[in-house]
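Beneath this line is the structure, given in structure tokens, with notes to follow.
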Amino acid sequence: MEHVVKMEGITKEFPGVVANDKVDFDLRKGEIHALLGENGAGKSTLMSILFGLFHPDEGKIFIRGREVRINSPRDATKLGIGMVHQHFKLVHNFTVAENIVLGEEDTKNGLLTMEKSIRRIEELSKLYKLKVDPYAKIEDISVGQQQRVEILKMLYREADILILDEPTAVLTPQEIDELINILQSLAKEGKSIILITHKLKEIKLAADRCTVLRLGRKVGTMNVKKTTNEKLAEMMVGRKISFTVTKKRAKPKDVVLQVENLRVHNQETKKDLVRDMSFEVRKGEILCIAGIEGNGQTELIEAITGLRPIDEGFVRLNGRDLTHASIRERSLAGMAHVPEDRQRHGLVLDYPMEYNLILQQYFEAPFQRRGFLQFPPIRKYSEDLIGSFDIRAGEGAISIARNMSGGNQQKAIIAREMSRETNLLIAVQPTRGLDVGAIEFIHDLLVEQRDEGKAVLLVSLDLYEVMNLSDRIVVIFEGENVGEFDPDKVDERELGLYMSGSKRREAS
Amino acid sequence: MKQLWIKTLERIGRKPTRIEATSSVMAIICGLLFGLALMIVVNPAQAFPGFFTVITGPFQEGMRSLGNMLYFGVPIILTGLSVAFAFRTGLFNIGATGQLTMGALTAVYIGVNWGFLGPFHWVVAVLGAMIAGALWGAIPGLLKAFRNVHEVVTSIMLNYVAMYFNTMIILNFLYDTQASRTAHPLPSARLPVLFLQNVFPGSRANIGIFIAVLFVAIIHIVLKKTTFGYELKATGFSRDASRYAGMNEKRNIVLAMIIAGGISGVAGAMMYLIPGRHLPYETILITEGFTGIAIALLGLSAPIGVLLAGLFYGALHQGGTYLQLYDFRPEIIDIIIAVIIYFSALSLFLQKIVRTFINKRTKASMGLSEEVEAR
């Protein structure tokens with residue numbers, strides 16, 4: 001078996017952190033090799049080293065048997081290594097073809113000649129079944145198509161070692177299937193593929209082998225066919241993980257949140273971002289808004305929580321009209337909000353943990369007296385939360401939020417919002433980008449909140465999460481409610497059709 | 509010795525504020541070295557004694573020069589505090605000069621015309637200056653909060669409005685035609701010298717230094733201990749997060765600019781309620797407002813830091829007054845200060861240097877840090 005990539009004893013240290021500790025990795029020709037690990041396990045660092053973004057402190061890299069030094073992505077490209085980053089690096093107002101040739105343009109007398117390039121792009125897309133329109137602008141095509149453009153970009157540069165960083169995070173189930181098909185046909189053509197991911201299901205479907213990293217060290221390389229998801233998860237986290245959320249049947253009671261004919265309009269594009277949206281959330285249930293990113297979920301939640309004005313319709317909490325109430329009024333009326341963008345909205349990143357944990361309550365007793373902050377109660381409160389929610393921060397209550405890992409930042413927000421006296425918890429993608437251990441923890445907490453009698457409104461892009469956690473599902477497509485479902489009576493495939501707009505039914 | 513050195517570096521490296529403070533000190537050292545080089549070029553023979561005099565300025569004539577250091581520092585501490593306070597709220601108050609001008613004009617107007625106030629005369633003049641500066645600061649604050657007009661643009665413009673307004677008012681109402689300059693405030697409006705004349709005999713020190721320290725203390729407490737300061741800093745760090753938390757950012761922006769303007773206004777009163785100083789009626793911008801920006805930078809936007817940086821400025825300024833003895837123009841001091849400002853503007857770059865230096869030196873002795881375990 002020929003090894004196209006062999007990395008030996010790779011060590012990379014950042015100030016205070018060993019990101020990779022003597023990691024070995026090898027990639028065989030024509031295989032799909034998954035790289036699995038929690039956040040901060042060192043997957044991205046290892047691949048960044050292979051792609052020339054970082055230099056290892058120690059270790060050797062062999063490409064096709066020859067030892068190499070990769071000093072920059074340019075070197076990597078020359079060696080036939082291509083990478084699709086988690087966040088696509090495309091120029092939005094350029095066409096597909098322009099993006100693909102960017103940096104490698106064919107010119108004649110200093111002028112661009114696109115015809116030849118476009119012919120090659122068409123050949124490539126036919127060969128690998130990567131259907132795209134070379135003349136379409138990036139901003140007009142779907143995320144799934146943008147990803148194909150990224151893959152074509154690598155193939156155009158004649159890469160035969162392809163690295164994909166979390167490629168499925170933004171795709172619908174149907175698009176994921178297509179991607180896996182594409183990857184498998186690429187592998188059949190002799191390309192070698194590295195798939196960075198923390199989704200076990202996809203590894204099972206797509207990969208031949210899987211290397212697991214934990215805390216910068218390699219745990220092992222497994223043949224995917226001969227192992228189980230449970231085993232992989234255990235290797236990744238270092239302990240046993242339960243995949244299914246254990247919860248009792250919901251016992252929904254009184255209506256807590258009532259959203260009626262809500263409309264959010266964008267003045268600039270003259271488009272409705274949310275249109276005629278109605279639903280209600282009851283005490284003791286988890287209602288999940290499912291949909292593909294960018295279908296109005298963000299705007300819907302911003303309108304409900306007061307971050308964005310409502311153009312039409314009503315929002316009521318426990319019967320009280322909050323349509324035009326301020327954010328503070330809503331919060332005091334009993335709304336807790338775990339925001340979508342935890343770093344932008346959820347935390348003051350330069351504040352210490354204790355300040356962040358009182359962000360919604362700093363003006364209330366006992367944290368405030370006569371306009372002065374009361375430091376001993378603040379410290380005590382934050383230490384209590386840090387303990388009970390297992391928030392790991394280097395310096396405890398005084399750790400600056402910015403220096404903490406994403407998972408712990410999210411735990412802090414969740415701790416703050418769940419520990420308040422509220423009757424509605426709104427959580428937007430609470431587990432995005434987190435590892436299985438943290439996801440399990442947060443899922444359990446959400447169910448716990450429900451069982452304690454709160455109404456939970458969950459927005460998620462992750463169908464697995466939707467199916468597992470919710471008591472009721474509302475699918476949103478282009479800002480509209482296109483169907484309400486019972487998770488026991490619908491499957492992911494069916495939901496996917498509604499999410500992509502291929503099917504719809506009037507809300508009941 | 510080497511152990512101690514590495515320990516010190518480690519201590520500095522542990523906290524970002526310490527790294528920032530180190531970079532401020534580096535900016536000062538670079539500025540001073542540049543000044544020395546300049547003096548060597550201009551007049552090699554006198555350069556070293558002259559330079560020595562500059563850096564020992566406050567101690568040249570005992571308590572007198574020390575008192576003058578305080579005197580020169582006062583307006584700069586206040587304008588620096590004004591800029592720093594606004595900055596902590598995420599606002600760049602480049603209009604300290606205009607607010608200072610309006611404060612000075614109001615103080616002089618009251619000082620000249622309201623003699624009937626008797627012993628309260630100077631107090632009312634200072635309060636008037638504060639109110640005038642606050643109102644002047646409120647304009648960019650309101651425009652920012654409700655119309656989203658950038659405060660840098662509006663406050664720069666208002667500097668010029670204040671400058672011309674100042675000239676207009678002085679020439680129409682406050683002009684002393686006999687001396688052909690701005691009328692002088694009545695003796696009752698002068699800032700009291702208190703006991704300072706005994707402590708610092710022959711110096712120009714007055715109550716101003718206490719007022720400046722008082723403001724530093726108040727702002728320090730507001731920022732550190734109050735919910736208001738908590739909100740202001742949160743707004744400054746992250747407008748989005750503070751909005752999410754339901755803070756009234758519009759109100760906070762306006763209030764922050766009012767307070768910043770008020771402090772700059774007081775600086776204006778401190779500069780011209782003094783015997784022998786005349787508010788210029790020419791159309792020139794008063795530079796103390798701009799120096800305040802540099803002092804805020806140098807003092808890392810922290811009240812205590814601003815106090816120290818302002819006193820340092822006062823010391824340099826006092827040192828500069830001796831330079832003529834060595835055949836130098838006192839303007840060299842302004843050049844040195846300008847260079848220090850340049851280097852403090854490069855503070856991010858300097859911080860990076862400090863950080864790499866510390867990492868290099870301490871890495872060997874550090875081993876694995878706690879952060880790894882924390883993950």
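If you're matching them up, the sequences are chains L and A in order. If you count the first sequence from 1, position 246 lands on 246 in my numbering, and the numbers rise without skipping. In my numbering, each residue's number is its place in the second sequence (first place is 1) plus 508. Quick reminder that beta carbons are idealized off the backbone N, C-alpha and C, glycines included. Just so we're clear, the structure is a prediction, and the values are computed from it rather than from any experiment.
Identity of the residues DSSP links to residue i by a beta bridge
i      : result
A:M676 : None, per the DSSP bridge assignment.
A:N706 : Per DSSP, none; premise fails for A:N706.
L:G220 : L:V212
A:Y683 : A:T690
L:K137 : L:T95
L:A414 : Reading off the sequence, residue 414 of chain L comes out as Ile, not Ala. DSSP lists no partner for L:I414.
L:A34  : L:L195, L:C210
L:D26  : L:K6
L:L458 : L:C288, L:A427
A:I849 : Per DSSP, none; premise fails for A:I849.
L:T107 : L:L112
L:K60  : L:E8
L:D513 : Residue 513 of chain L lies beyond the range of chain L shown here (1 to 508); nothing can be said about it.
A:T734 : L:F372
L:I400 : L:P352
Chain-ordered neighbours of residue i on chain L, where CB pairs are closer than 8 Å
i      : result
A:F736 : G371
Proximal residues of chain A, C-beta to C-beta of residue i below 7 Å
i      : result
L:Q429 : Residues of chain A passing the Cβ test: none, with the nearest at roughly 15 Å.
L:Q368 : T735
Chain A residues whose Cβ lies nearer than 8 Å to that of residue i
i      : result
L:Q360 : A753, G754
L:F511 : Beyond the ends of chain L as shown, which are 1 and 508, falls residue 511 of chain L; an answer cannot be given.
Residue i: contacting residues in chain L (beta-carbon distance under 9 Å)
i      : result
A:D684 : Correct list: empty, because the minimum Cβ distance to chain L is about 46 Å.
Within chain L, the residues that residue i reaches when beta carbons sit closer than 7 Å
i      : result
A:K952 : The question about residue 952 of chain A has no answer, for chain A in this structure spans 509 to 883.
Distance cut-off 8 Å: residue i Cβ against heavy atoms of the ligand PLP
i      : result
L:I151 : Ligands in the displayed structure: none, and consequently the ligand PLP is not present.
(request) Pull out every residue of the region 335 to 353 of chain L whose Cβ sits closer than 9 Å to any Cβ of chain A, in chain order. (result) H337, P339, D341, Q343, R344, H345, G346, L347, V348, L349, D350, Y351
(request) Starting from the N-terminal side, write out each stretch of the beta strand (DSSP E) that is 3 residues or longer and does not extend beyond the region 233 to 314 of chain L. (result) 255 to 266, 271 to 282, 286 to 290
(message) Any contact between the region 784 to 796 of chain A and the region 726 to 746 of chain A? By contact I mean 3 or more CB pairs, one from each, below 8 Å.
(response) no
(message) Counting only Cβ-Cβ distances shorter than 9 Å, please list the residues of the region 307 to 338 of chain L near chain A, keeping chain order.
(response) L307, S326, I327, R328, E329, R330, S331, L332, H337
(message) Across the region 485 to 498 of chain L and the region 824 to 840 of chain A, are there enough close Cβ pairs to call them in contact, namely three or more that are closer than 8 Å?
(response) no
(request) Run through the region 314 to 385 of chain L for me and flag every whole beta strand (DSSP E) of 3 or more residues, listed as ranges in chain order. (result) 335 to 338
(request) Tell me the start and end of each unbroken alpha helix (DSSP H) in the region 805 to 844 of chain A that is at least 4 residues and wholly inside, in chain order. (result) 811 to 828
(request) List in chain order: all unbroken beta strand (DSSP E) runs of 3+ residues lying wholly within the region 64 to 103 of chain L. (result) 66 to 68, 81 to 84
(request) State whether the region 611 to 618 of chain A contacts the region 674 to 684 of chain A, with contact taken as three or more CB pairs (one from each stretch) at a distance under 8 Å. (result) yes
(request) Identify every run of the beta strand (DSSP E) within the region 518 to 554 of chain A, keeping only runs that are complete inside it and at least 3 residues long; order them along the chain. (result) none
(request) May I ask you to list, following chain order, the residues of the region 597 to 608 of chain A that have a beta carbon less than 7 Å from some beta carbon of chain C? (result) Reference to chain C is not applicable here, since the protein chains of this structure are L and A.
(request) Just list the alpha helix (DSSP H) runs in the region 583 to 671 of chain A, keeping only unbroken ones of 4 residues or longer that don't cross its boundaries, in chain order. (result) 604 to 621, 629 to 655
(message) Taking 8 Å as the cut-off, does the region 366 to 386 of chain L touch the region 430 to 446 of chain L (at least 3 CB pairs, one atom from each stretch)?
(response) no
(request) Anything in the region 740 to 752 of chain A with a Cβ closer than 8 Å to a Cβ of chain L? List those residues in chain order, please. (result) K741, A742, F745, S746, D748, A749, S750, R751, Y752
(message) Can you confirm whether the region 421 to 432 of chain L touches the region 450 to 460 of chain L when touching is taken to mean that 3 or more C-beta pairs between the two stretches lie within less than 8 Å?
(response) yes
(request) Determine, using beta-carbon pairs with one atom in the region 753 to 771 of chain A and one in the region 841 to 853 of chain A, whether at least three such pairs fall under 8 Å. (result) no
(request) Let me know the beta strand (DSSP E) ranges lying completely inside the region 435 to 496 of chain L, each 3 residues or longer, listed in chain order. (result) 455 to 460, 472 to 477, 480 to 485
(request) Would you check if there are 3 or more beta carbon pairs closer than 8 Å linking the region 90 to 110 of chain L to the region 138 to 149 of chain L? (result) yes
(message) So, does the region 122 to 131 of chain L touch the region 152 to 164 of chain L, judging by three or more C-beta pairs under 8 Å?
(response) yes
(request) Say whether the region 769 to 778 of chain A touches the region 552 to 566 of chain A, bearing in mind that this needs 3 or more beta-carbon pairs closer than 8 Å, one atom from each stretch. (result) no
(request) Would you check if there are 3 or more beta carbon pairs closer than 8 Å linking the region 407 to 426 of chain L to the region 220 to 231 of chain L? (result) no
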